[in-house]
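Visitor: Count the sequence shown with my numbering and you get residues 72 to 383, in order. After the structure tokens below, expect a handful of questions from me.
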Amino acid sequence: MKGIIIMVNEVYIIDDDDTSIVIFRELFREDAGYKFISVKTNQIDIALKSIPSLIIINEDAIDRDVIELCRKIRKDENNTITPVIVVSSNGSREHRMKILNESIEYFIKKPVDEGYLYYTVKNLSRLLSTNRRMSPLTGLPGNVQIQAELKKCLLKNEDFSVLYFDLDNFKAYNDSYGFLKGDEIIKFTANTITNSIHNFGGGFVGHIGGDDFIAIVENIDVERICKEIIFYFDHSIKKFYTDKDAEEGYIEIENRKGMIEKFPLTSISIAVVVAEKGRFNNILEIGDVSAQIKHAVKSVMGSSYAIDRRKK
Numbered sequence: 072m073k074g075i076i077i078m079v080n081e082v083y084i085i086d087d088d089d090t091s092i093v094i095f096r097e098l099f100r101e102d103a104g105y106k107f108i109s110v111k112t113n114q115i116d117i118a119l120k121s122i123p124s125l126i127i128i129n130e131d132a133i134d135r136d137v138i139e140l141c142r143k144i145r146k147d148e149n150n151t152i153t154p155v156i157v158v159s160s161n162g163s164r165e166h167r168m169k170i171l172n173e174s175i176e177y178f179i180k181k182p183v184d185e186g187y188l189y190y191t192v193k194n195l196s197r198l199l200s201t202n203r204r205m206s207p208l209t210g211l212p213g214n215v216q217i218q219a220e221l222k223k224c225l226l227k228n229e230d231f232s233v234l235y236f237d238l239d240n241f242k243a244y245n246d247s248y249g250f251l252k253g254d255e256i257i258k259f260t261a262n263t264i265t266n267s268i269h270n271f272g273g274g275f276v277g278h279i280g281g282d283d284f285i286a287i288v289e290n291i292d293v294e295r296i297c298k299e300i301i302f303y304f305d306h307s308i309k310k311f312y313t314d315k316d317a318e319e320g321y322i323e324i325e326n327r328k329g330m331i332e333k334f335p336l337t338s339i340s341i342a343v344v345v346a347e348k349g350r351f352n353n354i355l356e357i358g359d360v361s362a363q364i365k366h367a368v369k370s371v372m373g374s375s376y377a378i379d380r381r382k383k
């Protein structure tokens, strides 16, 4: 399960006469990590749903106002951070400023230096790939790499297990102690999971987001992993509370109605899906089963785990 995951960067070339796609495919003919796709302006709505790695607009070859097009891309909730390059023969300062003012990363004036264009695309793709793959808080792989790892395990057609982690009563902690202290618990949780997985021979650990984590392991006693993680988590979580709250075992928070509510100390729930060879056809099926197990384990007070060992 170790090694580098090669992700393909899908680069959309918005160009109504296909003049640019040939140039880019030739420039990147020796780079296996890139796939260039020609998109007409009347196809942009459908194309944006695929969330490309990078968008390049050939302004001279579109039948739509480039400013309007840039705004449409930036307003799309899936592409607010997708890098955009505009290539144009109109290099006036006013025109460049208008485009860059729409949160567009680069404006390149024609005639284009192909070497400059090549490295601009490479560097922007690398930057976005890093941002999308890694959690800035924990440094763990994010959802793009998590999905890639799950797909890779399914393709290997071997036994593996998926462990889903989330915290109980964490919102109450954030409300009482603040988000900065909450971030400390998130980082502590990431380290606890990572260290335990490492102690049992290693595997993949990812940060889904917020207080949700995932681990993927092969040929490991998942029950022992769960017990170790819970032991270390429960043993150390009290250090994030005041002595009074830690001793009492709960925190008190005033709700919207002015009533005082008591919330237990933050605990961890672990839902495990044992994916025996051939049990699942895709990652959506794994997600469906994990949701059932999560619901069951979250109904238990305190740190707990549940393991689904059903056959296909």
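Backbone N, C-alpha and C define an ideal beta-carbon position, used for all residues, glycine too.
1) What's the gap between the Cα of E176 and the Cα of Q218?
2) Pull up the distance between the alpha-carbon of L208 and that of T337, whole angstroms please.
3) Which residue or residues does DSSP assign as beta-bridge partners of M205?
4) Alpha carbon to alpha carbon, how far is E325 from T151? Give it in angstroms, no decimals.
5) Measure the alpha-carbon distance for R260 versus E185 and round it to whole angstroms.
6) Between which two residues does the beta strand (DSSP E) carrying D283 extend?
7) Let me know if G349 comes out buried or exposed under the rule of 16 or more other beta-carbons within 10 Å of its beta-carbon.
8) How many Å lie between S91 and D147 at the Cα?
9) The alpha helix (DSSP H) with A362 in it runs from where to where?
10) Quick check on the DSSP output: what are the complete alpha helix (DSSP H) runs of length 4 or more inside the stretch 255-324, in order along the chain?
11) DSSP puts F236 in a beta bridge; with which residues?
12) How many whole angstroms separate the CB atoms of V157 and I128, which I take to be in contact at a CB cut-off of 8 Å?
13) By Cβ distance, which residues of its chain are closer than 6 Å to D240, with the 5 residues on each side in sequence left out?
14) Tell whether a beta-carbon distance below 8 Å holds between V345 and S361.
15) When you compare only the Cα positions, how much space is there between T313 and D282?
16) My parser needs the beta strand (DSSP E) runs of 3 or more residues fully inside the stretch 75-147; what are they?
17) Could you say which of G329, Y189, C141 lies nearest to R167 if we only look at CA atoms?
18) Looking at I300: is its Cβ nearer than 8 Å to the Cβ of S267?
19) Alpha carbon to alpha carbon, how far is I322 from I75? Give it in angstroms, no decimals.
20) Considering only DSSP beta bridges, list what I378 is partnered with.
21) If you follow the alpha helix (DSSP H) that E332 is in, where does it begin and where does it stop?
22) Given that a residue counts as buried once 16 or more other Cβ atoms are within 10 Å of its Cβ, and exposed if not, what is L355?
23) Relative to the C-alpha of K310, which residue among Y244, G272, F351 is closest?
24) Between which two residues does the alpha helix (DSSP H) containing S247 stretch?
25) For I287 versus F275, is the C-beta spacing smaller than 8 Å?
26) Can you list, in chain order, the residues of its chain with a C-beta nearer than 6 Å to that of K223? Leave out the 5 residues immediately preceding and following it.
27) How should H278 be labelled, buried or exposed, when 16 other C-beta atoms within 10 angstroms of its C-beta is the threshold for buried?
Guide: Looking at the atomic coordinates:
1) 27 Å
2) 19 Å
3) P212
4) 37 Å
5) First, the amino acid is wrong: residue 260 is Thr here, not Arg. Cα to Cα, T260 sits roughly 46 Å from E185.
6) 283-288
7) exposed
8) 24 Å
9) 354-369
10) 293-307, 314-319
11) F284, I341
12) 5 Å
13) First, the amino acid is wrong: residue 240 is Asn here, not Asp. These residues qualify, in order along the chain: F334, P335, T337.
14) no
15) 21 Å
16) 80-85, 105-110, 125-129
17) C141
18) yes
19) Interpretation of I75 is limited by its pLDDT of 34, a score under 50 that renders its predicted location unreliable; the figure taken from the coordinates is listed afterwards. Straight-line Cα distance between these residues: approximately 44 Å.
20) V343
21) Note, E332: premise wrong, no alpha helix (DSSP H); beta strand (DSSP E) at 331-335.
22) exposed
23) Y244
24) 241-248
25) yes
26) none
27) buried
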